[in-house]
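K.L.:
First to last, the sequence lines map onto chains A and B. Numbering of the first sequence is given in full-length UniProt numbering, commencing with residue 1 and proceeding in unit increments. Numbering of the second sequence is given in full-length UniProt numbering, commencing with residue 1 and proceeding in unit increments. Backbone N, C-alpha and C fix where the C-beta goes; we use that ideal spot for every residue, glycine too. Can you read through this structure? Questions will come right after.
Number of protein chains: 2
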Amino acid sequence: METVKYLLNEDRMPTSWYNIAADLPAPPPAVLHPGTKQPIGPDDLAPLFPMGLIMQEVSSEREIEIPDEVQSIYRQWRPSPLYRARRLEQALDTPAKIYYKYEGVSPAGSHKPNTAVAQAYYNKQEGVKRLVTETGAGQWGSSLAFAGALFGLEVLVYMVKVSYNQKPYRRALMEAYGARVVASPSTETNAGRAILAEHPDSTGSLGIAISEAVEIAAQDPDARYALGSVLNHVLLHQTVIGLESLAQLEMAGDYPDIIVGCTGGGSNFAGIAFPFIGAKLRGERDVRVVAVEPAACPSLTRGQYAYDFGDTAGMTPLVKMHTLGHGFVPSGIHAGGLRYHGMAPMVSHLLQLGQFEATNVQQLETFTAGLTFARAEGILPAPEANHAVAGAINEALRCKEAGEAKTILFNLCGHGHFDLQAYTDFQAGKLKDFEYSAEEVAMALAGLPS
Amino acid sequence: METVKYLLNEDRMPTSWYNIAADLPAPPPAVLHPGTKQPIGPDDLAPLFPMGLIMQEVSSEREIEIPDEVQSIYRQWRPSPLYRARRLEQALDTPAKIYYKYEGVSPAGSHKPNTAVAQAYYNKQEGVKRLVTETGAGQWGSSLAFAGALFGLEVLVYMVKVSYNQKPYRRALMEAYGARVVASPSTETNAGRAILAEHPDSTGSLGIAISEAVEIAAQDPDARYALGSVLNHVLLHQTVIGLESLAQLEMAGDYPDIIVGCTGGGSNFAGIAFPFIGAKLRGERDVRVVAVEPAACPSLTRGQYAYDFGDTAGMTPLVKMHTLGHGFVPSGIHAGGLRYHGMAPMVSHLLQLGQFEATNVQQLETFTAGLTFARAEGILPAPEANHAVAGAINEALRCKEAGEAKTILFNLCGHGHFDLQAYTDFQAGKLKDFEYSAEEVAMALAGLPS
């Protein structure tokens, strides 16, 4: 019954983000212009992002200072708690020690505000008046809406139409924070109108929504675009998770043997793992790191490491990443935040360098793990986080078999308060597993740009 | 932009609950047997509650020790944060200092687990195997389901049928914790079958659900009944809120001039206010305390101080309280947790003693206040909590008019993650205010037992 919580004093909250680029043996492959196929520079990104973020995107300094104002807002929910999952350990009867970092304490309920607040800050600093973004399941959109409200920035969210209709509560949260939410494809953009002309009943896709958001941001000098994962600066902002965990485990007199994180675009995984992988890269301390992705969207485990577009329409720069092809449409699993065809280039690069291993799990296993966790620890995880829970439980059960008292750390990146339809469907036996045939994967990969 | 948060070290978490009965100039009126109209004793309550809780119900000791195991579970989310609402102060341009205690950090999202965990503990101690309760909106049911999961107790929840159908996500949360949830009226009890025989389409009521839960608990020797508000022991468990606030304000070098809490059954109000009212009763320190209730269920402001039943069917003991009559059916406002015809007898007694004042607010004002709060502070409050937010904002605006820099403390008793339909309806202009005519109130009061 014991609760073991490690709360870091505020004066030990990190004052810098950790930039793993500083510790790489070789830099990741260049980002290429979609037309010329030549490496792009900071100026090419200026219409979309403020220079403060672009400089972080290309920086190789190890420590990047967190502005005071961002630190002050972080303090509303940070340092987030690190728990020893004693009750889960008992339920599993494992000799392993399981620790979890809990990011669901943020006002928007996930790790996303770590970067949303930083992005809003740098945009505000440079005089930007409004932020435009896209959202699928809504975690990112509601986090940016929250951050925008704090900084007095207008926020415009293109929300994939099927989610807009099926997840009215996520939309309501964004609207409560004062954001404007538009179902995508919309009649407000050329991209949206073109889709609607051809497919009047289109239910949208993340790719289309990105195209709409980018179009609006690029043509409005007072607006900029914001992305919730994949890019280096987004991963950078999330490293507060791992940095705090390091300090909290130090309080516990412990260091992880195994770190588990779920992966979609890669940002929460990077957040928990990069500071530890950095120590490994610097030869200071070894650790085994495991990325867990859905079997229904297996970019790391079944994708190809190749140049591809970040969006479905092929408008973004080309980045080298593990991808299933930008035309890949993942199955309708409930972990909406993990349904992305590619992986953050920095995460992909580290997999190529052998710095972590990747595995995938089926949807039903993740929900079973989530309920086991909820009944033992009291927190209902988001479907995305259930992938990390399942990964951690598997490692703990392996420890049981082997009789090894290893130390496992995982990132519980968000709560499931907005995902109860998924749990309802799971408990009613309505959810399914998904598995792609080799042919299906090959067909999607055939669409990679040459 | 500054965040000002007061986190209490775990070693300063209260180790005792505060029992205000010890500081009363006169005890509250006796609880009467519904048949004999004679005062009841502890043994009369034994079929429904474990003796550990009954002893707390009638105790007059000032400090009642919190069992170690309960403290350990509290530590998962306690001490809860106390915030200085700087950004709200700025938005209101008030000289007042506004502090809020935030209870939404509990796994179930409100203050209810403070008592659910304690109740589960004492039942478990006495060998009880299952807990039976009722729930309206679902905050209480999900908190007891959470506590039951931790202690390995079965939890059976009779959920008012209209909520069961309209709020499937609250039900899903209870089921995720492993509770069994039954729509009330059900065919499982005599009470339920009697109602269904007469009204096959009955959508239920809290009163009917209480009757069903009490019936099941009373006839099953391994089961006990659990109530989420109103009773002395429930209010007692909530005093951790105010005790922590006292210590946190001490850290801030401050003491409230005004305390604001919302009232339904009275438990969150008691939690924040009783430790401060106690200091006033002991002549140590003065404070103005304001209870804010919905205009649609105005027991304190428009009810009568009289003996009445706790349930609609008239099966419970008679208690002296501010009541609108046990036959009163409040309007369908979204603050479901405040829709109760009566008030905790201890809270009523303190109002009679002039220890606090009561006011009521309309629904639309509470949602406007909630959105103002969400956009300034980033946390979306539950509709119930919006009543406290509205009360605090009104006090802060009065300070602005008067040019007084008073210190206001209020209890933000829960988040609104499960209440987004209410916000959606509010933003769509679909919500209404409610006001009862004097005749309507008089008619409800005419049903009071003689």
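1) Who pairs with residue 130 of chain B in a beta bridge, going by DSSP?
2) Which value, in whole angstroms, describes the spacing of the CA atoms of residue 159 of chain B and residue 103 of chain B?
3) Please identify, using Cβ separations under 9 Å, the residues of the stretch 172-203 of chain B that lie next to chain C, in order along the chain.
4) Restricting to Cα atoms, I'd like to know which of B:341, B:430, B:373 and B:18 is closest to residue 444 of chain B.
5) For residue 159 of chain B, which of helix, strand or coil comes out of DSSP?
6) Give me, in chain order, the residues of the same chain whose beta-carbon lies closer than 6 Å to that of residue 304 of chain A; leave out the 5 immediate sequence neighbours on both sides.
7) Residue 177 of chain A and residue 155 of chain A: beta carbons closer than 9 Å?
8) In whole angstroms, give me the CA-to-CA distance for residue 5 of chain A and residue 82 of chain A.
9) Are residue 366 of chain A and residue 389 of chain A touching if we call contact CB-CB under 9 Å?
10) Going by the beta-carbon positions, is the gap between residue 263 of chain A and residue 321 of chain A smaller than 9 Å?
11) Under 7 Å Cβ-Cβ, which residues of chain B neighbour residue 424 of chain A?
12) For residue 121 of chain B versus residue 69 of chain B, is the C-beta distance shorter than 9 Å?
13) Measure from the C-beta of residue 245 of chain B to each C-beta in chain A and report whether the shortest distance is under 9 Å.
14) Check for me: the alpha helix (DSSP H) holding residue 322 of chain B runs from which residue to which?
15) Can you pull the chain B neighbours of residue 248 of chain A, defined as C-beta to C-beta under 7 Å?
16) Starting from the C-beta of residue 247 of chain A, find all residues in its chain whose C-beta is less than 6 Å away, skip the five residues before and the five after it, and write them out in chain order.
17) On the criterion of 16 or more Cβ atoms from any shown chain inside 10 Å, does residue 326 of chain B qualify as buried, or is it exposed?
18) Decide if the stretch 206-216 of chain B is in contact with the stretch 81-99 of chain B; the criterion is three or more beta carbon pairs, one per stretch, under 8 Å apart.
19) Is the stretch 127-135 of chain A touching the stretch 236-254 of chain A, taking contact as three or more C-beta pairs under 8 Å?
20) Tell me, please, which residues DSSP counts as bridged to residue 308 of chain B.
21) Can you list, in chain order, the residues of its chain whose CB lies under 7 Å from that of residue 30 of chain A, leaving out five sequence neighbours each side?
22) Looking at chain B, is there any beta carbon in it that lies within less than 9 Å of the beta carbon of residue 379 of chain A?
23) I'd like to confirm the pairing. Which residues does DSSP put opposite residue 293 of chain B in its beta bridges?
24) Suppose only complete runs of 4+ residues qualify. What are the alpha helix (DSSP H) ranges in the stretch 21-51 of chain A, listed by chain order?
25) Kindly indicate if chain B contains any beta-carbon less than 9 Å away from that of residue 47 of chain A.
26) In chain A, which residues lie less than 8 Å from residue 5 of chain B when you measure between Cβ atoms?
27) Measure the alpha-carbon distance for residue 166 of chain A versus residue 43 of chain A and round it to whole angstroms.
28) For residue 411 of chain A and residue 190 of chain A, which I take to be in contact (beta-carbon distance under 8 Å), what is that distance rounded to the nearest angstrom?
29) Looking at the unbroken alpha helix (DSSP H) that takes in residue 74 of chain A, where does it start and where does it end?
30) My guess is that residue 447 of chain B and residue 384 of chain B are in contact by the Cβ rule of under 8 Å, so how many angstroms apart are they, rounded?
31) For residue 15 of chain B, collect the residues of the same chain with a Cβ closer than 8 Å to its Cβ; drop the 5 residues on either side in sequence, then sort them by chain order.
32) For a cutoff of 9 Å on Cβ pairs, would you count residue 387 of chain A as touching chain B?
33) Consult DSSP for residue 415 of chain B and reduce its assignment to one of helix, strand or coil.
34) Evaluate residue 442 of chain B with the Cβ neighbour count: other Cβ atoms within 10 Å of its Cβ, from every protein chain shown; 16 or more gives buried, anything less gives exposed.
35) Quick one: measure Cβ to Cβ for residue 161 of chain B and residue 200 of chain B, integer angstroms, because I've assumed they're closer than 8 Å.
36) Out of curiosity, what's the CA-to-CA distance linking residue 110 of chain B and residue 360 of chain B?
P.N.:
Concretely, from the data shown:
1) The residue labelled residue 130 of chain B in the question sits at position 130 within the second sequence. Paired residue(s): B:154 and B:223.
2) As a working mapping, residue 159 of chain B is identified with position 159 in the second sequence. As a working mapping, residue 103 of chain B is identified with position 103 in the second sequence. One C-alpha to the other measures close to 23 Å.
3) The question asks about chain C, but that chain is absent: this structure's protein chains are A and B.
4) The residue labelled residue 444 of chain B in the question sits at position 444 within the second sequence. Comparing Cα positions, the closest option is B:341.
5) Along the second sequence, read from residue 1 onward, the residue named residue 159 of chain B stands at position 159. Note: residue 159 of chain B maps to strand in three-state DSSP.
6) As a working note, residue 304 of chain A is residue 304 in the first sequence. The answer, listed in chain order, is 445.
7) Residue mapping note: residue 177 of chain A aligns to position 177 of the first sequence, counting from 1. Residue mapping note: residue 155 of chain A aligns to position 155 of the first sequence, counting from 1. Yes.
8) In the first sequence, residue 5 of chain A corresponds to position 5, counting from 1. In the first sequence, residue 82 of chain A corresponds to position 82, counting from 1. Residue 5 of chain A and residue 82 of chain A: Cα-Cα distance of roughly 6 Å.
9) For the purposes of this step, residue 366 of chain A is taken as the residue at position 366 of the first sequence. For the purposes of this step, residue 389 of chain A is taken as the residue at position 389 of the first sequence. In this structure, residue 389 of chain A lies closer than 9 Å to residue 366 of chain A by Cβ.
10) Walking along the first sequence from the start, residue 263 of chain A turns up at place 263. Walking along the first sequence from the start, residue 321 of chain A turns up at place 321. Cβ atoms of residue 263 of chain A and residue 321 of chain A: not closer than 9 Å.
11) Your numbering for residue 424 of chain A matches position 424 in the first sequence. Within chain B, the residues near residue 424 of chain A are 168 and 172.
12) Stepping through the second sequence from its first residue, residue 121 of chain B is reached at position 121. Stepping through the second sequence from its first residue, residue 69 of chain B is reached at position 69. Result yes, Cβ atoms of residue 121 of chain B and residue 69 of chain B sit closer than 9 Å.
13) Residue numbering aside, residue 245 of chain B sits at position 245 when the second sequence is read from its first letter. Chain A, which has no Cβ nearer than 9 Å to the Cβ of residue 245 of chain B, makes this no.
14) Numbered from its first residue, the second sequence carries residue 322 of chain B at position 322. Segment 318-323 is the beta strand (DSSP E) holding residue 322 of chain B; no alpha helix (DSSP H) there.
15) Here residue 248 of chain A is taken as the residue at index 248 of the first sequence, counted from 1. Here the premise fails: no neighbours, minimum Cβ distance about 14 Å.
16) Residue 247 of chain A sits at position 247 when you count from the first residue of the first sequence. These residues qualify, in order along the chain: 8 and 12.
17) Translated into the one-based positions of the second sequence, residue 326 of chain B becomes position 326. Per the 10 Å Cβ criterion, buried.
18) no
19) no
20) On the second sequence, residue 308 of chain B is found 308 positions in, with the first residue counted as 1. Residue 308 of chain B is bridged to B:319.
21) By one-based count along the first sequence, residue 30 of chain A stands at place 30. Here the set comprises 39.
22) Translated into positions along the first sequence, residue 379 of chain A becomes position 379. True, the Cβ-Cβ gap to chain B drops below 9 Å.
23) Taking the second sequence and counting its residues from 1, one reaches residue 293 of chain B at position 293. Residue 293 of chain B pairs with B:360.
24) 42-45
25) In the first sequence, the residue the question calls residue 47 of chain A occupies position 47. No, its Cβ sits nowhere closer than 9 Å to a Cβ of chain B.
26) The residue you call residue 5 of chain B lines up with position 5 of the second sequence. Neighbours of residue 5 of chain B on chain A, chain order: 10, 75 and 76.
27) Indexing the first sequence from 1 puts residue 166 of chain A at position 166. Indexing the first sequence from 1 puts residue 43 of chain A at position 43. One C-alpha to the other measures close to 39 Å.
28) Translated into positions along the first sequence, residue 411 of chain A becomes position 411. Translated into positions along the first sequence, residue 190 of chain A becomes position 190. Between residue 190 of chain A and residue 411 of chain A the Cβ distance is about 39 Å, and since that is not below 8 Å, they are no contact.
29) Taking the first residue of the first sequence as position 1, residue 74 of chain A is located at position 74. Element bounds for residue 74 of chain A: 68-74.
30) Against the second sequence, residue 447 of chain B aligns to sequence position 447. Against the second sequence, residue 384 of chain B aligns to sequence position 384. About 26 Å; that fails the 8 Å criterion.
31) Here residue 15 of chain B is taken as the residue at index 15 of the second sequence, counted from 1. Within the same chain, residue 15 of chain B has close Cβ partners 65, 66 and 71.
32) Walking along the first sequence from the start, residue 387 of chain A turns up at place 387. For residue 387 of chain A, the answer is no, since every Cβ of chain B falls outside 9 Å of its Cβ.
33) By one-based count along the second sequence, residue 415 of chain B stands at place 415. In this structure, residue 415 of chain B counts as strand in the three-state DSSP scheme.
34) Walking along the second sequence from the start, residue 442 of chain B turns up at place 442. So residue 442 of chain B counts as exposed.
35) On the second sequence, position 161 is the one that residue 161 of chain B refers to. On the second sequence, position 200 is the one that residue 200 of chain B refers to. Not a contact, Cβ separation roughly 12 Å.
36) Translated into the one-based positions of the second sequence, residue 110 of chain B becomes position 110. Translated into the one-based positions of the second sequence, residue 360 of chain B becomes position 360. Approximately 22 Å between the Cα atoms of the pair.
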